Amino acid sequence: MCGIVGYVGHRQAERVLVGGLRKLEYRGYDSAGLATISEGRVEVRRAVGKLDNLETLLDAEPLSGSVGMGHTRWATHGRPSERNAHPHRAGDVVVIHNGIIENYVQLREELAAAGCVLCSDTDTEVIGHLIEGGRKSGKSLADATRGAIARLRGSFAIVVISSGEPDRLIAAKNATPVVVGLGQGENLVASDIPALLDYTRDVLFLEDGEMAEVTADSVRLSTFDGRVVERAARRITWDPVTAQKGGYKHFLLKEIHEQPTAIIDTLRGRLDQDAASVTLGELEGLEKDIAALEHVTIVACGTAWHAALIGRYAIERLVRLPVDVDYGSEYRYRDPIIDSRTLMIVVSQSGETADTLAAVEAAHERGAKVLAVCNVLDSSIARKADYVLYTHAGPEISVASTKAFTTQLAAFYLLAVWMGRRRGALAAAEEARYVQALAELPLLVEGALKEEEAIARVARQLSGVSDVLYLGRGVNFPVALEGALKLKEISYIHAEGYPSGEMKHGPIALIDEQMPVVVIIPTDEVYEKTLSNLKEVESRGGRILSVTDDADAELARISEWVVPVPRTDSLLMPMILAVPLQLLAYYVAVERGSDVDQPRNLAKSVTVE
Ligand code: G6P
């Protein structure tokens, strides 16, 4: 994982690089580091923890020079420490890396046997030594990098500088992104577009197997085997939105509260209330293929995978096509049965998740078209997919996903109605009913947010527990999974989501007077079934927190806490029911004093498999 940025130009590199790293910290915050070339020497500064620590170090020991690179790390090989922080030095070569070098153990042994002194536990360090080896045998920095790359197996985006060629940097890509920014008398490279946008809007995306040789006045693209690549620059026309906390204590709380607006933004221009129809202009090209589809496969990771599970319900119910859902990390290692009669839908907030991206490639290899439900404009997944349904949730800064999730649900509901009509599975009157219900959703989510104070009180009582079980049935089972994930991610309390009916096949053994059970129990067609499951919890002394649109006398009697939410069509209820669970996780985490927006060990975007 990790974020990388490089600069060659006329400005003080330090400031450009730190600014770039700020935009990339969502990719990891275990350590950060910078290297610049100044007066023929490479200087390195590294600090464990968040970028703030590196900035403090740079205040005391600034770096000069106008050529340099910066890195923010999510530790894969080697625990977070100064010695494992990037950049890594090997003689006059310095390197930063995002990805995993799979054959690094063998390369380390080989290098150590040849007398190299390896100073870190990382897989990255071997790259620097291999390049240095090439330099010693007289190769240019570009050719030495090419030679080193030929020895590597795995995924990498790397940037290399050397005091031996102080006017340039080399960037190379295989399976993790690199974008080159073209400026006037300055050029940049980075993992992601926002890190460049203060300096340029003209960019070149490197493809796998390509490298860039970058000076202040030139960018030369070539393949790893040395063929020159000509590529026209692309202009980025959107503006980065800088997110501020806007008076909230944490981005997470702000993003939870932004959901009504974010959902409006997802629906905007796509619900025609006069015509009582859903319009998805961006999917025009898909329209002609819908009738021939036989299957839908949805692939995602993390919270997006939970949205995908709910998307399956919506598509099966409204489109009447069989749907399967898989984790990106699992899908890529199956031998999936998929062809041009399958539509693959990938769901990703960031559009950069490596496993999800790999699923897009697997689908294309087998002739299937890919539709991405994505939040970040021009991200890798958005660029690779055949169609993109942007969620327009705005920047989500907090690592734990909230508004991205509910807007992904909104996108799925729109898509299911749109596809259902075009396949003839959904009547016009039903479309009209859903259009009306979708239009009302933002207000209902607003209604769910009104329970915030009551939820904060419950959170105070729950903050000391060590395990929580979340139960839900049908379309709300994924809501249970998402509620449990939120709690785990930010409060570090062990939590599990389970289908209510499965509880008696295992988790019931855990239930005692200490064990809170959060149940998602709207008054839908399975209400009574879930209520029966709760009676089983009650008989074993479990403490019940019910999230429901209407607690009858029996539910109220057996629940220690009841959180009410507004009611809508049962298929759309997950969007409303998720909100109290987000607030619960937030207030428990605050109560426990954890780092809510940047929880330990996590990253916003997982760019390694
Ligand atoms: C990480 C994030 C999660 C996110 C998941 C998938 O684990 O911490 O919040 O749900 O990646 O990310 P994506 O950007 O593909 O939705």
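In short: position in the sequence shown from 1, add 724, done, that's our numbering.
Think of the CB as a built atom: it goes at the ideal place given N, C-alpha and C, for glycine as much as any other residue.
Please read these numbers as outputs of a predicted model, since none were measured by experiment.
Close-in-space but distant-in-sequence residues of the same chain around residue i (CB under 6 Å, 5 per side omitted)
{"i": "Tyr-753", "result": "Lys-774, Gln-1322"}
{"i": "Ile-1245", "result": "Thr-1254, Ser-1270, Thr-1272"}
{"i": "Tyr-1055", "result": "Val-1023, Ala-1083"}
{"i": "Lys-1328", "result": "Tyr-750, Val-1123"}
{"i": "Ala-940", "result": "Val-732, Gly-733, Gly-909, Glu-910"}
{"i": "Glu-1018", "result": "Arg-1065"}
{"i": "Gly-683", "result": "An answer regarding residue 683 cannot be provided, because it is not within the stretch 725 to 1333 covered by the chain."}
Which listed residue (the options) has its alpha carbon closest to that of residue i
{"i": "Val-1182", "options": "Leu-1113, Ala-1309, Ala-1124", "result": "Ala-1309"}
{"i": "Tyr-1251", "options": "Gly-1230, Val-1261, Asp-1273, Pro-1231", "result": "Asp-1273"}
{"i": "Gly-794", "options": "Leu-1173, Arg-735, Tyr-731, Ile-824", "result": "Tyr-731"}
{"i": "Glu-1206", "options": "Gln-1238, Ala-1032, Tyr-1111, Leu-782", "result": "Ala-1032"}
{"i": "Val-1303", "options": "Ala-1153, Phe-1136, Pro-901, Lys-1127", "result": "Lys-1127"}
{"i": "Pro-964", "options": "Val-1314, Asp-916, Asp-996", "result": "Asp-916"}
{"i": "Leu-1095", "options": "Phe-1129, Pro-1060, Gly-1118, Ala-1135", "result": "Ala-1135"}
{"i": "Trp-962", "options": "Ile-988, Ala-986, Val-953, Asp-922", "result": "Asp-922"}
{"i": "Pro-1119", "options": "Lys-1108, Asp-1110, Ala-1109, Thr-1131", "result": "Thr-1131"}
{"i": "Leu-1258", "options": "Leu-920, Gly-1225, Leu-1133", "result": "Gly-1225"}
{"i": "Val-1286", "options": "His-1116, Leu-1081, Val-1243", "result": "Val-1243"}
{"i": "Arg-877", "options": "Thr-846, Ala-838, Asn-827", "result": "Asn-827"}
{"i": "Glu-1085", "options": "Asp-847, Ile-1062, Thr-846", "result": "Ile-1062"}
{"i": "Ser-887", "options": "Lys-1328, Glu-856, Pro-901, Gly-1005", "result": "Glu-856"}
{"i": "Ala-1028", "options": "His-810, Gly-852, Gly-1052", "result": "Gly-1052"}
{"i": "Asn-911", "options": "Gly-733, Ala-1109, Pro-1290, Ala-1180", "result": "Gly-733"}
{"i": "Thr-1331", "options": "Leu-893, Asp-783, Tyr-1037, Ser-1104", "result": "Ser-1104"}
{"i": "Lys-1093", "options": "Gly-1075, Leu-1173, Leu-1101, Glu-1011", "result": "Glu-1011"}
{"i": "Ala-881", "options": "Asn-898, Leu-1004, Thr-990", "result": "Asn-898"}
{"i": "Ile-761", "options": "Thr-780, Glu-889, Glu-779, His-801", "result": "Glu-889"}
{"i": "Lys-1108", "options": "Ile-885, Ser-942, Thr-1080", "result": "Thr-1080"}
{"i": "Ser-1072", "options": "Glu-779, Val-1097, Ile-1217", "result": "Val-1097"}
{"i": "Arg-1324", "options": "Leu-741, Lys-1212, Asp-1236", "result": "Lys-1212"}
{"i": "Met-1299", "options": "Glu-931, Val-938, Leu-1133", "result": "Leu-1133"}
Strand pairing of residue i, partner residues [DSSP]
{"i": "Leu-912", "result": "Tyr-731, Gly-905"}
{"i": "Pro-1288", "result": "Thr-1272"}
{"i": "Met-793", "result": "Gly-730, Ala-759"}
{"i": "Lys-747", "result": "Lys-747 pairs with nothing; no bridge assigned."}
{"i": "His-812", "result": "Val-819"}
{"i": "Ile-824", "result": "Ser-879"}
{"i": "Glu-934", "result": "Lys-897, Thr-947"}
{"i": "Cys-1098", "result": "Ser-1072, Tyr-1114"}
{"i": "Tyr-1194", "result": "Gly-1221, Val-1242"}
{"i": "Met-884", "result": "A small correction: the amino acid at residue 884 is Val; Met does not occupy that position in the sequence shown. Answer is Val-819, Ile-894, bridged to Val-884."}
{"i": "Val-742", "result": "DSSP output for Val-742 lists no bridge partner at all."}
{"i": "Tyr-1051", "result": "Ala-1024"}
{"i": "Glu-767", "result": "Thr-760"}
{"i": "Ser-1001", "result": "Asp-996"}
{"i": "His-1019", "result": "Thr-1066"}
{"i": "Asp-926", "result": "Arg-959"}
{"i": "Asp-1093", "result": "The amino acid at residue 1093 is misidentified as Asp; the sequence shows Lys. Lys-1093 pairs with Leu-1067."}
{"i": "Arg-1267", "result": "Pro-1240"}
{"i": "Val-772", "result": "Ser-755"}
{"i": "Val-1250", "result": "In DSSP, Val-1250 forms no bridge with anything."}
{"i": "Val-952", "result": "Ser-946"}
Contact belief for residue i with residue j at Cβ below 8 Å, rounded distance in angstroms
{"i": "Leu-1007", "j": "Leu-1113", "result": "7 Å"}
{"i": "Ala-1204", "j": "Tyr-1222", "result": "7 Å"}
{"i": "Gln-736", "j": "Ser-788", "result": "7 Å"}
{"i": "Val-768", "j": "Val-818", "result": "7 Å"}
{"i": "Ser-844", "j": "His-812", "result": "6 Å"}
{"i": "Thr-1077", "j": "Cys-1025", "result": "5 Å"}
{"i": "Ala-896", "j": "Val-904", "result": "No, Ala-896 and Val-904 are not in contact; Cβ-Cβ is about 11 Å, not under 8 Å."}
{"i": "Val-791", "j": "Leu-893", "result": "7 Å"}
{"i": "Pro-984", "j": "Glu-1170", "result": "5 Å"}
{"i": "Ile-988", "j": "Pro-1166", "result": "5 Å"}
{"i": "Ile-851", "j": "His-821", "result": "6 Å"}
{"i": "Ile-1014", "j": "Arg-1146", "result": "5 Å"}
{"i": "Ala-1163", "j": "Thr-990", "result": "Not a contact, Cβ separation roughly 12 Å."}
Chain-order list of residues whose beta-carbon lies under 7 Å from that of residue i (same chain, five-residue window excluded)
{"i": "Ser-1161", "result": "It is Ala, not Ser, that sits at residue 1161 in the sequence shown. If we look at Ala-1161 and ignore the five residues flanking it on each side, its Cβ neighbours are Thr-1292, Asp-1293, Leu-1296."}
{"i": "Leu-1042", "result": "Ala-1140, Val-1141, Gly-1144, Ala-1149, Leu-1150"}
{"i": "Ala-745", "result": "Strictly speaking, residue 745 in this sequence is Leu, with Ala absent from that position. So the list reads Gly-727, Val-729, Ala-756, Leu-775, Gly-794, Thr-796, once near-sequence residues are dropped."}
{"i": "Ser-1215", "result": "Ala-1309, Val-1312, Ala-1313, Arg-1316, Ser-1318"}
{"i": "Arg-959", "result": "Arg-925, Asp-926"}
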